[in-house]
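Colleague: First to last, the sequence lines map onto chains A and G. Quick note, the first sequence lines up with residues 1 to 305 if you use UniProt numbering. Quick note, the second sequence lines up with residues 1 to 305 if you use UniProt numbering. Before I ask anything, here is the structure I am working with.
2 protein chains.
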Amino acid sequence: MTLRPALLALALVLPLGSASATSPPQKALTMQEVLDASTPDDWRALDPENTLYLELAGGRVVIELAPEFAPQHVANIRTLVRAGYFDGLTINRSQDNFVVQWGDAEGEDPAKARPMGEAKAKLPAEFTRTSEGLEFARLPDADGWAPEVGFVQGFPAARDPKAGIAWLAHCYATVGAGRATAADSSTGNQLYVVTGQSPRQLDRNITTVGRVVQGMELLSVLPRGTGPLGFYEKPEQRVPMLSIKLAADVPEAERTRLEVFRTDRPAFARLVESRRNRRDDWYVHPAGHIDLCNVPVPVRAAVTP
Amino acid sequence: MTLRPALLALALVLPLGSASATSPPQKALTMQEVLDASTPDDWRALDPENTLYLELAGGRVVIELAPEFAPQHVANIRTLVRAGYFDGLTINRSQDNFVVQWGDAEGEDPAKARPMGEAKAKLPAEFTRTSEGLEFARLPDADGWAPEVGFVQGFPAARDPKAGIAWLAHCYATVGAGRATAADSSTGNQLYVVTGQSPRQLDRNITTVGRVVQGMELLSVLPRGTGPLGFYEKPEQRVPMLSIKLAADVPEAERTRLEVFRTDRPAFARLVESRRNRRDDWYVHPAGHIDLCNVPVPVRAAVTP
Chain A
1 MTLRPALLAL ALVLPLGSAS ATSPPQKALT MQEVLDASTP DDWRALDPEN TLYLELAGGR
61 VVIELAPEFA PQHVANIRTL VRAGYFDGLT INRSQDNFVV QWGDAEGEDP AKARPMGEAK
121 AKLPAEFTRT SEGLEFARLP DADGWAPEVG FVQGFPAARD PKAGIAWLAH CYATVGAGRA
181 TAADSSTGNQ LYVVTGQSPR QLDRNITTVG RVVQGMELLS VLPRGTGPLG FYEKPEQRVP
241 MLSIKLAADV PEAERTRLEV FRTDRPAFAR LVESRRNRRD DWYVHPAGHI DLCNVPVPVR
301 AAVTP
Chain G
1 MTLRPALLAL ALVLPLGSAS ATSPPQKALT MQEVLDASTP DDWRALDPEN TLYLELAGGR
61 VVIELAPEFA PQHVANIRTL VRAGYFDGLT INRSQDNFVV QWGDAEGEDP AKARPMGEAK
121 AKLPAEFTRT SEGLEFARLP DADGWAPEVG FVQGFPAARD PKAGIAWLAH CYATVGAGRA
181 TAADSSTGNQ LYVVTGQSPR QLDRNITTVG RVVQGMELLS VLPRGTGPLG FYEKPEQRVP
241 MLSIKLAADV PEAERTRLEV FRTDRPAFAR LVESRRNRRD DWYVHPAGHI DLCNVPVPVR
301 AAVTP
């Protein structure tokens, strides 16, 4: 028997199926077909004022900030980044199937902690926000964690219509601000990214500030720390960060110009449906369902110019 | 402000809370309290006939097989393993937020493929089984992927009472048998493990054979392949497997003696509840819910003897 290396052929980029000009117009599409049929309006460029570049020896991680969900934390992170606060600090934690976290490893010790400069040392918790004024592309499927789930400007999110609140959901690549036990103990100077099974129990318990849109594979493969909670036990195990910069502060030629698939247009609803029921030949049992954190939000190199 | 390194203190091992002998008997427990109160009967030893050791340069990965769900695949894997089929073969694929896969990288080429010896070259698909005779510890919460979800002998599983079938669910650490497009094209000579967000769309579409109970961190950190579907593009990027052995064939002194928390006892129901509503001081908003793939099944070194 021949088993192709492409066994379990379930990539994001699926081969085109049997669709053709003669297909009935209501034919269900694969994700690749949805993307192939997308127009420039279905994509949006990242805003350099809301984009961070985390530079590692192995490459660049691109983070999109979500000021609509955590305006004060995002403003503080911008202040810290612009002052070079993170440059030369380290990734201190990698807990398998959970999170990777970075910041000042000496932050606990007032004598050694790096000064936060003009940034605020105290912020209110920004766990949720009002759902008013928020364009929310709701998913068709039920979710046990929240009354409603969907996407807001490319971010996986949840909403409680009765309480009139919304929040970002903890999916793979979601970035949040670490905190101690006090709800208002985060400032954005310690950040984490989800690298494991969506820890949705964190939703509404911590301030989320954005998501990684490119370079997750640089963070997700970091050796797991062997200390409690996946912290590295020895200082030399920590992973140096060359810098974190705001894209707006980087010369245009050095920017990573990306476009994110818009989640507020009909093409995205088609994409979701293409993932709720996989149409390529490999699948024998389309699920008829998708969880929030299983929905990909495609990112591509910007179409020049 | 002081930010402890143990920010975001959400490990599996939580500190004991304020429980004491004077606590009311109905007090909700943390997971650590549930484990501390467990008795030897709440744990079961791994069966050496159902346990694989995948040996890598970095250490041992322990896999528990699930013969009740895929009897023919498991039998075939035992045959392959006992003949040394996997020894010296490689891990060929690491796709970010999805799977790691191993087997014969030359399996596609009949001239180069390693012979499968006494193992069967063709097996029926074992995507589901009858739910009859299966002790199913059902979770209290709804799941969009299946009518019922829960655990069978430590394995995350799902059940359709109307259809009278059950199957293993694709959670982090679930192991399955790679296949090509034909449903019956898997033999167990290509295996994958889930390393990303639970790809439940695979449920009922592929034969699952077990789960990794120890050593996931050796697989989850493997560099992501840059070829299509996360396959390594160059042979030298593949990760050698020293061997895969059945624990029963390894001298007792060299076995990794593990015990798995039993999922068919009241203590497990208490554990699930401790995770549905986190009780430590860090949480301000207990979720009141848990998804199947967020429920940990604790594993510990066997208590001697």
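The beta-carbon is built from N, C-alpha and C at its ideal position, and this holds for glycine as well.
On the DSSP bridge list, what partners appear for Arg43/A?
Modeller: As a working mapping, residue 43/A is identified with position 43 in the first sequence. The amino acid occupying residue 43/A in the given sequence is Trp; Arg does not appear at that position. Trp43/A is bridged by DSSP to Phe261/A.
Colleague: Residue 306/A and Thr51/A: beta carbons closer than 7 Å?
Modeller: It is not possible to answer for residue 306/A, since the shown part of chain A is limited to 1 through 305.
Colleague: Output the boundary residues of the beta strand (DSSP E) element that contains Glu106/A.
Modeller: Taking the first sequence and counting its residues from 1, one reaches residue 106/A at position 106. It is not in any beta strand (DSSP E) - Glu106/A carries neither H nor E in the DSSP assignment.
Colleague: If we ignore side chains and look at the alpha-carbon of each, how far apart do His170/G and Phe155/G end up?
Modeller: Taking the first residue of the second sequence as position 1, residue 170/G is located at position 170. Taking the first residue of the second sequence as position 1, residue 155/G is located at position 155. The alpha-carbon atoms of His170/G and Phe155/G are separated by roughly 10 Å.
Colleague: Taking a cut of 9 Å between CB atoms, which residues from the stretch 94-108 of chain A lie near chain G?
Modeller: Within the stretch 94-108 of chain A, the qualifying residues are Ser94, Gln95, Asp96, Asn97, Phe98, Val99, Gln101, Gly103, Asp104, Ala105, Gly107 and Glu108.
Colleague: Can you tell me which of the three DSSP states Asp160/G falls into?
Modeller: Taking the second sequence and counting its residues from 1, the one referred to as residue 160/G is at position 160. If DSSP states are grouped into helix, strand and coil, Asp160/G belongs with the strands.
Colleague: Name the chain G residues that come within less than 8 Å of Asn205/A, Cβ to Cβ?
Modeller: Here residue 205/A refers to the residue found at position 205 when the first sequence is read from its first residue. Proximity of chain G to Asn205/A at the Cβ level (cut-off 8 Å) is accounted for by Trp282, Tyr283, Val284 and His285, in chain order.
Colleague: Identify which residue in Glu55/G, Thr128/G and Phe136/G has its Cα closest to the Cα of Phe268/G.
Modeller: As a working note, residue 268/G is residue 268 in the second sequence. Residue Phe136/G is the option with its Cα nearest to Phe268/G.
Colleague: Using the beta-carbon of each residue, which ones in chain G are nearer than 9 Å to Val221/A?
Modeller: Looking up residue 221/A in the first sequence gives position 221. Neighbours of Val221/A on chain G, chain order: Ser94, Asp96, Ser220, Val221, Leu222, Pro223 and Arg224.
Colleague: Excluding sequence positions up to five away, which residues of its chain have a Cβ less than 8 Å from the Cβ of Glu126/A?
Modeller: If you number the first sequence from 1, residue 126/A lands on position 126. Around Glu126/A: Phe69, Ala70, Pro71, Gln72, His73 and Thr207.
Colleague: Nearer than 6 Å: is that true of the beta carbon of Leu292/A relative to any heavy atom of the ligand GDP?
Modeller: Within the structure as shown, the ligand GDP is missing, as the structure has no ligands at all.
Colleague: So the alpha helix (DSSP H) Thr79/G belongs to, where does it begin and stop?
Modeller: What you label residue 79/G is simply residue 79 of the second sequence in a count that begins at 1. Per DSSP, Thr79/G belongs to the alpha helix (DSSP H) from Pro71 to Arg82.
Colleague: Tell me which same chain residues have a C-beta within less than 7 Å of the C-beta of Arg238/A, skipping the five on either side of it?
Modeller: Locating residue 238/A in the first sequence gives position 238, counting from the first residue. Same-chain partners within the cutoff: Thr90, Ile91, Asn92, Ala105 and Tyr232.
Colleague: Would you kindly work out how many angstroms separate the C-alpha atoms of Asp42/A and Ala301/A, rounded to a whole number?
Modeller: Position 42 of the first sequence, counting from 1, holds the residue named residue 42/A. Position 301 of the first sequence, counting from 1, holds the residue named residue 301/A. So the alpha carbons of these two residues sit roughly 14 Å apart.
Colleague: When burial is assigned at 16 or more other CB atoms within 10 Å of the CB, is Glu33/A buried or exposed?
Modeller: The residue labelled residue 33/A in the question sits at position 33 within the first sequence. The C-beta of Glu33/A has 16 or more other C-beta atoms within 10 Å across all chains shown, which makes the residue buried.
Colleague: Compare the C-beta of Tyr232/A against all C-beta atoms of chain G and say whether one is closer than 7 Å.
Modeller: In the first sequence, the residue the question calls residue 232/A occupies position 232. Cβ-Cβ to chain G under 7 Å: no for Tyr232/A.
Colleague: What number of angstroms, rounded off, separates the C-alpha of Val295/A from the C-alpha of Val284/G?
Modeller: Along the first sequence, read from residue 1 onward, the residue named residue 295/A stands at position 295. Along the second sequence, read from residue 1 onward, the residue named residue 284/G stands at position 284. Between Val295/A and Val284/G, the alpha-carbon positions lie close to 28 Å from each other.
Colleague: Near Asp184/G, which residues of its chain fall below 6 Å by C-beta distance, leaving aside the five closest residues on each side in sequence?
Modeller: Taking the second sequence and counting its residues from 1, the one referred to as residue 184/G is at position 184. Excluding sequence neighbours, Asp184/G sits near Pro124 and Ala125.
Colleague: What did DSSP end up calling Val221/G once you bin it into helix, strand or coil?
Modeller: As a first step, residue 221/G is located in the second sequence; it is residue number 221 there, counting from the start. If DSSP states are grouped into helix, strand and coil, Val221/G belongs with coil.
Colleague: Is it buried or exposed, Pro235/A, if we count other Cβ atoms within 10 angstroms and call 16 or more buried?
Modeller: On the first sequence, position 235 is the one that residue 235/A refers to. Exposed: under 16 other Cβ atoms inside 10 Å.
Colleague: Here's the rule: buried if 16 or more other CB atoms are within 10 angstroms of the residue's CB, otherwise exposed. What is Thr2/G?
Modeller: If you number the second sequence from 1, residue 2/G lands on position 2. For Thr2/G, the pLDDT reaches just 34, beneath the cut-off of 50, and the residue's location in the model is therefore unreliable, although a value from the coordinates is still provided. So Thr2/G ends up on the exposed side.
Colleague: Taking 7 Å as the threshold (C-beta atoms), are Val193/A and Val213/A in contact?
Modeller: As a working mapping, residue 213/A is identified with position 213 in the first sequence. As a working mapping, residue 193/A is identified with position 193 in the first sequence. Between Val213/A and Val193/A, the CB-CB gap reaches or exceeds 7 Å.
Colleague: Could you check which residue in Val297/A, Ser220/A and Asp291/A has the C-alpha nearest to that of Pro140/A?
Modeller: Sequence index remark: in the first sequence, residue 140/A carries index 140 (1-based). The residue with the shortest Cα to Cα distance from Pro140/A is Asp291/A.
Colleague: Under 7 Å between C-beta atoms, does Tyr172/G make it to chain A?
Modeller: The sequence position of residue 172/G within the second sequence is 172, counting from 1. So, interface residue.
Colleague: Per DSSP, Arg93/A is paired with what?
Modeller: The residue given as residue 93/A occupies position 93 in the first sequence. The partner list for Arg93/A (beta bridge, DSSP) reads Gln101/A and Phe231/A.
Colleague: By a C-beta neighbour count over all protein chains shown, 10 Å radius and 16 as the cutoff for buried, is Gly103/G buried or exposed?
Modeller: Taking the first residue of the second sequence as position 1, residue 103/G is located at position 103. Answer is buried; the Cβ neighbour count reaches 16.
Colleague: Within the 7 Å Cβ cut-off, does Gly144/G reach chain A?
Modeller: The count along the second sequence starts at 1 and reaches residue 144/G at position 144. Taking Cβ atoms only, chain A reaches closer than 7 Å to Gly144/G, which makes this a yes.
Colleague: Check the Cβ-Cβ distances between Ser38/G and every residue of chain A, and say whether any is below 7 Å.
Modeller: Against the second sequence, residue 38/G aligns to sequence position 38. False, the Cβ-Cβ gap to chain A never drops below 7 Å.
Colleague: How big is the Cα-Cα spacing for Ser23/G and Pro286/G?
Modeller: The residue you call residue 23/G lines up with position 23 of the second sequence. The residue you call residue 286/G lines up with position 286 of the second sequence. Because the pLDDT at Ser23/G is just 40, under 50, the model does not fix this residue reliably, and the value given afterwards should be weighed accordingly. About 20 Å.
Colleague: With burial defined as no fewer than 16 other Cβ atoms inside 10 Å of the residue's Cβ, what is the status of Asp249/A: buried or exposed?
Modeller: Taking the first residue of the first sequence as position 1, residue 249/A is located at position 249. Flag for Asp249/A reads exposed.
Colleague: Is the Cβ of Ala183/A closer than 7 Å to any Cβ of chain G?
Modeller: Taking the first sequence and counting its residues from 1, one reaches residue 183/A at position 183. With 7 Å as the cut-off, Ala183/A counts as an interface residue toward chain G.
Colleague: Which bits of chain G does Gly196/A rub up against, with CB to CB less than 7 Å?
Modeller: Reading the first sequence from its first residue, position 196 is the one you call residue 196/A. Residues of chain G passing the Cβ test: Tyr172.
Colleague: Quick check: is the beta carbon of Gln237/A nearer than 7 Å to any beta carbon in chain G?
Modeller: Sequence index remark: in the first sequence, residue 237/A carries index 237 (1-based). No, no contact with chain G.
Colleague: Within 7 Å of any Cβ in chain G, is that where the Cβ of Asp160/A sits?
Modeller: The residue labelled residue 160/A in the question sits at position 160 within the first sequence. Not an interface residue.
Colleague: Give me the chain A residues within the contact set of Glu126/G, using Cβ-Cβ distance strictly less than 7 Å, ordered along the chain.
Modeller: For the purposes of this step, residue 126/G is identified with residue 126 of the second sequence, where counting begins at 1. Correct list: empty, because the minimum Cβ distance to chain A is about 13 Å.
Colleague: Name the residue from Glu273/A, Gln190/A and Ala45/A whose alpha carbon lies nearest to the alpha carbon of Gln201/G.
Modeller: On the second sequence, position 201 is the one that residue 201/G refers to. Per the Cα distances, Glu273/A.
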